[in-house]
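Just so you know, we're using the working numbering here: the sequence shown kicks off at -3 and counts up by one. No residue lacks a Cβ here, since even glycine has one placed at the ideal position from N, Cα and C. Each remark here refers to the structure printed beneath this line.
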Amino acid sequence: MDAQEAFWRELGPWPRWGPRAKPGPTPVSTDVPPILEQVAPTAQGSALSQDIEACTRCALHEKRQRPVPGLIQPGTPWMFIGEAPGAEEDQQGLPFVGSAGKLLDRMLLALGLQRGLDASIANVVKCRPPHNRTPSEEECQRCLPYLHQQIAVVNPRIIVLLGRVAAHNLLSTQGSMGTLRGRLHHIGNIPAIVTWHPAYLLRSPQEKAGAWADLCLARRQVTK
Ligand code: URA
């Protein structure tokens, strides 16, 4: 059993919600649909993406293969925000396409969501930090205006902050994950929750049940 399957096996039957919820109780490794190719970028999204493609606001642009603007669709009810692209994202120019991304897709699927259709996906920093180091405070600050514009374009009903870097930068706090998870925050007037980053969940599978509880809190907010 691989890590992605394990995420849901530990949690029992597929949660059922929404028209795209996976029917049936067996969380086998059903392939996530190749939805990325099917999502046409919008005018607003593409203008921002072009700015990001040309960005030289920090030194990260010097070593990147490709910037990773994100998957931004106005009006998706959900928006997931991670930290920074890794090696595979840097190669492909797409967010969350490596092993953490595969787990993120499992999380979306369990919620009945597909990336680009129900969920926009972005990162705090749009270019890969060398050796996957944590982006510096300055790199985050220089890149954050893009993310705030992306949030405005999407205007989601819920924002899911994946991990400490996203939580700290979007909520302007230094609080621990323990103090930030399990409750509702707001970014402007948009509700937000904090959960574990999927890369952390791959290393610490015992936290998956807690992550699922976080996602259920987010779902309650969307369906309210
Ligand atoms: N981790 C992130 O935070 N973002 C990605 O796009 C990939 C891995």
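Cβ-based burial, residue i [other Cβ within 10 Å; buried from 16]
i, result
"N165", "buried"
"T191", "buried"
"S168", "exposed"
"T26", "Residue confidence for T26 is low, a pLDDT of 47 falling below 50, so the modelled location carries little weight; the figure read from the coordinates is stated next. Burial call: exposed."
"Q202", "exposed"
"G71", "exposed"
"A214", "buried"
"Q46", "exposed"
"N119", "buried"
"E134", "exposed"
"P126", "exposed"
Near the ligand URA: residue i beta-carbon under 8 Å from a heavy atom
i, result
"N119", "yes"
"H193", "yes"
"G97", "yes"
"G112", "no"
"P73", "no"
Inter-residue Cα distance where the pair is residue i and residue j
i, j, result
"Q170", "R160", "9 Å"
"R216", "E58", "42 Å"
"N128", "A205", "26 Å"
"K122", "P65", "6 Å"
"V156", "A188", "6 Å"
"P81", "A106", "23 Å"
"V93", "G41", "19 Å"
"P73", "S132", "30 Å"
"G78", "S200", "17 Å"
"K98", "A209", "19 Å"
"L211", "P194", "12 Å"
"T60", "R124", "According to the sequence displayed, residue 60 carries Arg and not Thr. Each residue's alpha carbon lies about 6 Å from the other."
"R179", "L197", "19 Å"
"T130", "A39", "31 Å"
Per DSSP, the bridge partner or partners of residue i
i, result
"N119", "G78"
"P187", "H182"
"L157", "I77, V190"
"R111", "A115"
Subject >> At least three beta-carbon pairs within less than 8 Å, the stretch 132 to 148 to the stretch 46 to 57 >> reply: The stretch 132 to 148, when compared against the stretch 46 to 57, does touch it at the 8 Å Cβ threshold.
Original post:
Any chance the stretch 67 to 82 sits against the stretch 110 to 117, with 3 or more Cβ pairs inside 8 Å?
Top reply: Judged by Cβ distances under 8 Å, the stretch 67 to 82 makes contact with the stretch 110 to 117, as three or more pairs qualify.
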